[in-house]
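A short worksheet on the structure shown next.
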Amino acid sequence: MSPADTPEARAARLGLAVPDYGNPPYGGRYGTVKAFHRSGRLVFLSGFTPEDRAGVILHPGRLGDDVTLAQGQAAARAAAVNALGGIRLALGSLDRVTSVVRALCFVVCTAEFEEVHLVAGAATDLLVEVFGTEAGVGGRAAIGVMQLARRNCFEIWLTVEADTET
Amino acid sequence: MSPADTPEARAARLGLAVPDYGNPPYGGRYGTVKAFHRSGRLVFLSGFTPEDRAGVILHPGRLGDDVTLAQGQAAARAAAVNALGGIRLALGSLDRVTSVVRALCFVVCTAEFEEVHLVAGAATDLLVEVFGTEAGVGGRAAIGVMQLARRNCFEIWLTVEADTET
Amino acid sequence: MSPADTPEARAARLGLAVPDYGNPPYGGRYGTVKAFHRSGRLVFLSGFTPEDRAGVILHPGRLGDDVTLAQGQAAARAAAVNALGGIRLALGSLDRVTSVVRALCFVVCTAEFEEVHLVAGAATDLLVEVFGTEAGVGGRAAIGVMQLARRNCFEIWLTVEADTET
Numbered sequence: 002m003s004p005a006d007t008p009e010a011r012a013a014r015l016g017l018a019v020p021d022y023g024n025p026p027y028g029g030r031y032g033t034v035k036a037f038h039r040s041g042r043l044v045f046l047s048g049f050t051p052e053d054r055a056g057v058i059l060h061p062g063r064l065g066d067d068v069t070l071a072q073g074q075a076a077a078r079a080a081a082v083n084a085l086g087g088i089r090l091a092l093g094s095l096d097r098v099t100s101v102v103r104a105l106c107f108v109v110c111t112a113e114f115e116e117v118h119l120v121a122g123a124a125t126d127l128l129v130e131v132f133g134t135e136a137g138v139g140g141r142a143a144i145g146v147m148q149l150a151r152r153n154c155f156e157i158w159l160t161v162e163a164d165t166e167t
Numbered sequence: 002m003s004p005a006d007t008p009e010a011r012a013a014r015l016g017l018a019v020p021d022y023g024n025p026p027y028g029g030r031y032g033t034v035k036a037f038h039r040s041g042r043l044v045f046l047s048g049f050t051p052e053d054r055a056g057v058i059l060h061p062g063r064l065g066d067d068v069t070l071a072q073g074q075a076a077a078r079a080a081a082v083n084a085l086g087g088i089r090l091a092l093g094s095l096d097r098v099t100s101v102v103r104a105l106c107f108v109v110c111t112a113e114f115e116e117v118h119l120v121a122g123a124a125t126d127l128l129v130e131v132f133g134t135e136a137g138v139g140g141r142a143a144i145g146v147m148q149l150a151r152r153n154c155f156e157i158w159l160t161v162e163a164d165t166e167t
Numbered sequence: 002m003s004p005a006d007t008p009e010a011r012a013a014r015l016g017l018a019v020p021d022y023g024n025p026p027y028g029g030r031y032g033t034v035k036a037f038h039r040s041g042r043l044v045f046l047s048g049f050t051p052e053d054r055a056g057v058i059l060h061p062g063r064l065g066d067d068v069t070l071a072q073g074q075a076a077a078r079a080a081a082v083n084a085l086g087g088i089r090l091a092l093g094s095l096d097r098v099t100s101v102v103r104a105l106c107f108v109v110c111t112a113e114f115e116e117v118h119l120v121a122g123a124a125t126d127l128l129v130e131v132f133g134t135e136a137g138v139g140g141r142a143a144i145g146v147m148q149l150a151r152r153n154c155f156e157i158w159l160t161v162e163a164d165t166e167t
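Chains as they are written, first to last, in the working numbering: chain A, 2 to 167; chain B, 2 to 167; chain C, 2 to 167.
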């Protein structure tokens, strides 16, 4: 892998604003939670939403109602970028991810909305852009739900694999 | 274990149409996803729905509305059979499963439908029929949700354990 | 750690009615399921709800409708206490937990209810009270859903880490 072709290099090239969950510490308005847990080579991440460190939420609301598909996809991508921040906090560098394991994706939507997979796909496609077509592809499920915290329209529940054991 | 009393033999005896996710490759209309990830002895499966390789969905809709309990149970069983295809792709044979770990089951339903566990039970009972009363019993949760991809009424998010490490 | 400052001692001091899932055996009215699966140091727990061994459910219903926030939090705490029963069944003692990994929390709510995290927080705060501010803090997601089994308003899908490998 050339230096220009690493996950960190790709994230930089894509201009992703990967948040630093070390400062201020992860959690904050959501109470006593941690960003990740490492066990063996597995990294179990906490839920990540399209909410920035100041608490501003990208496109809150409901797919099929007040959030368009394109907005939902932007929110899903933002949540995945936030999850990268969790990974970086866990491992120090995105380059230490050997594989995405799987992503359970929650989408707030109406009863009639049938394209939850297209919303979730925007999150998992971002992971492929960053980690590449081998390591970046994981399993996935997209679940349309009633609500999430503070009207976030998307949340990703992600597991990845690291290059070393704890 | 006698040759007639293996998971593969039981699946054959039950006449289960376990799909081959090697050909055509898993994913297709759902984009860049993989069917499973192995880590140590754990096999983390992607979400499986009651949708066949041609994209035909068994009993799409909503429990408590246009899908009956019996239809939902048939859909749940079909999703579990599809998950067997994911396991066979991961391990080469169902006989290499030492234990079902747990299954998170999503059921599209109305606000009044209170029997999501009876739907999920049809999926996990199929796993017991195939893997036996020791290895086939896992943990479970049944969650009634707003929607799934393309109006599927059921999805299973399964983890199993294999006989060898990666 | 002094004897008075162990998870078992804290659970006793809090007066928690941790259920014994060994007698009668876990499962019962929910069919063929198991309470937990151990793999390496990981303990994957089944879904736990605020339902006692007799099947009596604490505060069934829907947040934002017939269940108040305080009632939902009491239900979430009761579900977490039940999960402690699953952990004790798995490991013999709560003292063998080295870390909470993460908790996926499901809350039955209306479309307008925006505080699912405050409900889930009552469950994860209980884990912190018992396991302490280091081991007891895990990752978390709070998901507002349509329904759960038998009108339970909360369910926790928990993973913890033990002090020894299987």
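From the three backbone atoms N, C-alpha and C, an ideal C-beta is built for every residue, glycine too.
Could you check if residue i belongs to the surroundings of the ligand PLP, using beta carbon to heavy atom distance under 6 Å?
i, result
"Val-138 of chain C", "Annotation note on the ligand PLP: not contained in the displayed structure, which lists no ligands."
Kindly indicate which residue of the options has the alpha-carbon position closest to the one of residue i.
i, options, result
"Ile-58 of chain A", "A:Pro-8, A:Arg-103 and A:Gln-72", "A:Gln-72"
"Val-161 of chain B", "C:Arg-30, C:Arg-39 and C:Asp-6", "C:Arg-39"
"Glu-115 of chain B", "B:Asp-66, B:Arg-78, B:Ala-10 and B:Arg-42", "B:Asp-66"
"Gly-48 of chain B", "B:Thr-167, B:Ala-55 and B:Ala-124", "B:Ala-124"
"Arg-11 of chain A", "A:Val-120, A:Leu-85 and A:Leu-90", "A:Leu-85"
"Ala-36 of chain C", "B:Gly-140, B:Ala-163 and B:Ile-157", "B:Gly-140"
"Pro-20 of chain C", "C:Ala-81, C:Arg-152, C:Cys-154 and C:Glu-135", "C:Ala-81"
"Ala-1 of chain B", "B:Thr-134, B:Glu-156 and B:Glu-135", "This structure does not reach residue 1 of chain B, given that chain B is present from 2 up to 167, and the question cannot be answered."
"Arg-30 of chain C", "C:Arg-42, C:Arg-14, C:Ala-55 and C:Leu-15", "C:Ala-55"
"Ala-70 of chain A", "A:Ala-13, A:Leu-43 and A:Thr-111", "The question names Ala, yet the displayed sequence has Leu at residue 70 of chain A. When each option's Cα is compared against that of Leu-70 of chain A, the closest is A:Thr-111."
"Thr-99 of chain B", "B:Tyr-22, B:Arg-42 and B:Val-34", "B:Arg-42"
"Gly-16 of chain B", "B:Ala-150, B:Arg-78 and B:Thr-50", "B:Arg-78"
"Asn-83 of chain B", "B:Val-68, B:Glu-135, B:Gly-133 and B:Gly-28", "B:Gly-28"
"Glu-113 of chain C", "A:Asp-126, A:Leu-127 and A:Cys-154", "A:Cys-154"
What residue range does the alpha helix (DSSP H) around residue i cover?
i, result
"Val-129 of chain C", "117–136"
"Leu-85 of chain A", "70–92"
"Ala-18 of chain A", "Counting along the chain, Ala-18 of chain A falls outside any alpha helix (DSSP H), and DSSP gives it neither H nor E."
Using a Cβ cut-off of 7 Å, pull out every chain A residue sitting near residue i, in sequence order please.
i, result
"Val-146 of chain B", "Ile-144, Gly-145 and Val-146"
"Leu-43 of chain C", "Ser-40"
"Phe-107 of chain B", "Ile-144"
Strictly below 8 Å CB to CB, what residues from chain B border residue i?
i, result
"Glu-156 of chain C", "Ala-142 and Ile-144"
"Glu-162 of chain A", "His-38 and Ser-40"
"Ser-94 of chain A", "None at all; the shortest Cβ gap to chain B is about 20 Å."
By the DSSP assignment, the beta strand (DSSP E) with residue i in it spans what residues?
i, result
"Cys-106 of chain C", "98–109"
"Ser-47 of chain A", "That residue, Ser-47 of chain A, is in no beta strand (DSSP E); it is neither H nor E in DSSP."
"Gly-28 of chain C", "First-last for Gly-28 of chain C: undefined, no H or E at that position."
"Val-1 of chain C", "Outside the shown range of chain C, which is 2 to 167, sits residue 1 of chain C, and nothing can be said about it."
"Gly-140 of chain C", "140–146"
What does residue i touch in chain C if you count any residue whose Cβ is under 9 Å from its own?
i, result
"Arg-78 of chain A", "None at all; the shortest Cβ gap to chain C is about 18 Å."
"Leu-149 of chain A", "Glu-115, Val-117, His-118, Ala-142, Ala-143, Ile-144 and Gly-145"
"Gly-122 of chain B", "Tyr-31, Gly-32, Thr-33 and Val-34"
Taking the CB atoms as reference points, tell me whether residue i and residue j lie closer together than 7 Å.
i, j, result
"Gly-137 of chain A", "Val-146 of chain A", "no"
"Leu-95 of chain B", "Glu-166 of chain B", "no"
"Thr-108 of chain A", "Val-117 of chain A", "The sequence shown places Val at residue 108 of chain A, rather than the Thr named in the question. Going by C-beta atoms, Val-108 of chain A is nearer than 7 Å to Val-117 of chain A."
"Asp-53 of chain A", "Arg-97 of chain A", "no"
"Gln-148 of chain B", "Val-120 of chain B", "no"
"Ala-104 of chain C", "Leu-64 of chain C", "no"
"Gly-87 of chain B", "Gly-122 of chain A", "no"
"Phe-45 of chain A", "Val-102 of chain C", "yes"
"Pro-25 of chain A", "Arg-152 of chain A", "no"
"Gly-23 of chain A", "Leu-92 of chain A", "no"
"Ala-18 of chain B", "Pro-51 of chain B", "no"
Per DSSP, which residues does residue i bridge with? Please list them.
i, result
"Leu-159 of chain A", "A:Ala-104"
"Glu-52 of chain A", "A:Ile-58"
"Leu-64 of chain C", "C:Val-68 and C:Cys-110"
"Leu-149 of chain B", "A:Ile-144"
"Arg-11 of chain B", "The partner list for Arg-11 of chain B (beta bridge, DSSP) is empty, contrary to what the question assumes."
Under 9 Å between beta-carbons, which chain A residues line up against residue i? List them in chain order, please.
i, result
"Ala-46 of chain B", "According to the sequence provided, residue 46 of chain B is Leu. The question's Ala does not apply to it. Result: Arg-103 and Gly-140."
Which residues in chain B sit within 7 Å of residue i, going by Cβ to Cβ distance?
i, result
"Val-129 of chain A", "Thr-33"
For a contact defined as C-beta to C-beta under 8 Å, what are the partners of residue i on chain A?
i, result
"Thr-125 of chain C", "Gly-32, Thr-33 and Val-34"
Along chain C, in chain order, which residues have C-beta atoms closer than 8 Å to that of residue i?
i, result
"Arg-152 of chain A", "Glu-115"
Determine the chain E residues that contact residue i at a beta-carbon separation under 8 Å, and present them in chain order.
i, result
"Ala-112 of chain A", "Absent from the structure: chain E. Protein chains present are A, B and C."
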